[in-house]
Amino acid sequence: MTFSAKILHWYDVNKRDLPWRNTVNPYNIWLSEIMLQQTRVAQGTPYYLKFIENFPTIKDLAAAKEEEILKLWQGLGYYSRARNLHATAKTVTNEYKGEFPNTYKELLQLKGVGDYTASAIASISFNLPEPVVDGNVYRVLARYYGIAMPINSTEGIKYFKKIAREVMNVKNIRDYNQGIMEFGAIQCTPRNPNCADCPLNDSCVALKENSVQDLPIKLKKIKVKDRFFNYLVVIDALEQSILKQRIGKGIWQNLYEFPLIESQITPNKVAIETELKKYDILNQKFEYYKFNEEVIVHKLSHQHLKTHFWIVTLEGEIPNGVAFTEIDKFPVPVLVADFIKTFKF
DNA sequence: AATCCGGGGCC
DNA sequence: GGCCCAGGATT
């Protein structure tokens, strides 16, 4: 049997029953693929179900407010995916009359859709012969064919795509593509792959050369930077607080958070007063205390956010404040959501 | 070509 | 602490 025939057979026997596998509707496939970018199936699945329930069609998604989408996306991370999701929903609804484009080239033009996702939609929804190359495919191909080229080098990306195209099964690309990814996720796992009971173990180069643990090869690890956050949890006499939307570049674009003083130095009363003035709180008496004595470290993939929350109690009221009862309606980062849950306004 | 962009699970 | 996850956009 060929490589692809074995993958197809393995998939037929071992495939999981996932919510987006009972359809080839491009809306469902697109939504699932966006959500699963750099995201485990177990983490993404509840979000997929939530979105399908709230937005049964792409037209519903296009008509939603961005804040509503971000709120449903809250906790899934990589929030540009949610913003691009909205943009593409509008594009398909308005420029394609609600019908997804059905070519790789057109799919690739959609926001948030890159080479992998365009190939995935083209193959799974339209059965077009486009190979997918995700993290699973890199691993399976690197091991089976004994490829030591770094998967994140320019040459490696091109080479693996070329190999993937050469070995794919064009007769059933829909199942083959899902099969090789599923095979990587279930059988040929990053750590402790199940080589003993593998349909490819008679012809796997890495297994023969005892290099399974060393493949695939990936270059350079990112360095993590420390940042120091001081959130001002302002509370006024009318049970209101302050939430501000993050604008511009950087993390958590368009999500909300408390007023933030980013500084390793503990903010003093003057620093807090200066920050409050930005919210038209002028010459009001206030008291404040540090909520968490032990620093909270929120870890992102490339930043460690060392955070203190400060409770700032005003005598008067906040102009245009957010009522305690409304706080839960705003999309916020997990760091902020965890605090809100703990504090109970 | 390198960097940025989340959060969670696992070792 | 490091690595990985059905990657893409930006610089």
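Numbering (full-length UniProt numbering), first residue to last: 1 to 345.
Each residue gets a CB set at the ideal place from its N, CA and C atoms; glycine is no exception.
Please read these numbers as outputs of a predicted model, since none were measured by experiment.
N- and C-terminal bounds of the alpha helix (DSSP H) containing Phe309: Per DSSP, Phe309 lies in no alpha helix (DSSP H); the unbroken beta strand (DSSP E) holding it starts and ends at Gln303 to Leu314.
- Query: Since Phe228 sits in a beta bridge, which residues does DSSP pair it with?
  - Reply: Bridge partners of Phe228: Lys306.
message: For a quick check, are the C-beta atoms of Ile311 and Ile327 less than 8 Å apart?
response: The Cβ atoms of Ile311 and Ile327 do not sit closer than 8 Å to each other.
Practice problem: Give the C-beta separation of Gly179 and Leu8 to the nearest angstrom, bearing in mind that I take them to be a contact with Cβ-Cβ under 8 Å. | Solution: Contact flag correct, Cβ pair sits at about 6 Å.
* Asked: Secondary structure at Glu287, three-state DSSP: helix, strand or coil?
  -> DSSP places Glu287 in strand when its eight states are reduced to three.
Original post:
Residue range of the alpha helix (DSSP H) that Lys277 falls in?
Top reply: Lys269 to Lys277 is the extent of the alpha helix (DSSP H) around Lys277.
If you reduce the DSSP assignment to three classes, tell me which class Ser241 lands in. Correct three-state label for Ser241: strand.
Quiz item: Where does Glu257 fall in DSSP's three states?
Solution: Strand at Glu257.
Between Pro259, Trp252 and Gln303, which has its C-alpha nearest Gln74's C-alpha? Gln74 has its Cα closest to that of Trp252, out of Pro259, Trp252 and Gln303.
**Study point:** Ala237 classed as buried or exposed, judged by whether at least 16 other C-beta atoms fall within 10 angstroms
**Key:** Exposed, because fewer than 16 other Cβ atoms sit within 10 Å of the Cβ of Ala237.
Item to check | Helix, strand or coil at Val334 according to DSSP, with G and I counted as helix | outcome: It is helical.
Between the Cα of Ile242 and those of Asn152, Leu314 and Ser263, spot the shortest distance and give me the residue it belongs to. Checked all of Asn152, Leu314 and Ser263; the closest Cα to Ile242 is Leu314.
Do you know offhand how far Pro46's Cα is from Met35's?
-> In this model, Pro46 and Met35 are separated by some 10 Å (Cα to Cα).
Q. Excluding the five sequence neighbours on either side, which residues of its own chain have a C-beta within less than 7 Å of the C-beta of Glu33, listed in chain order?
A. So the qualifying residues of the chain are Thr117, Ala120 and Ile121.
Is the separation between the beta-carbon of Thr307 and that of Val322 shorter than 8 Å? Their beta carbons are not under 8 Å apart, which means Thr307 does not touch Val322 by this criterion.
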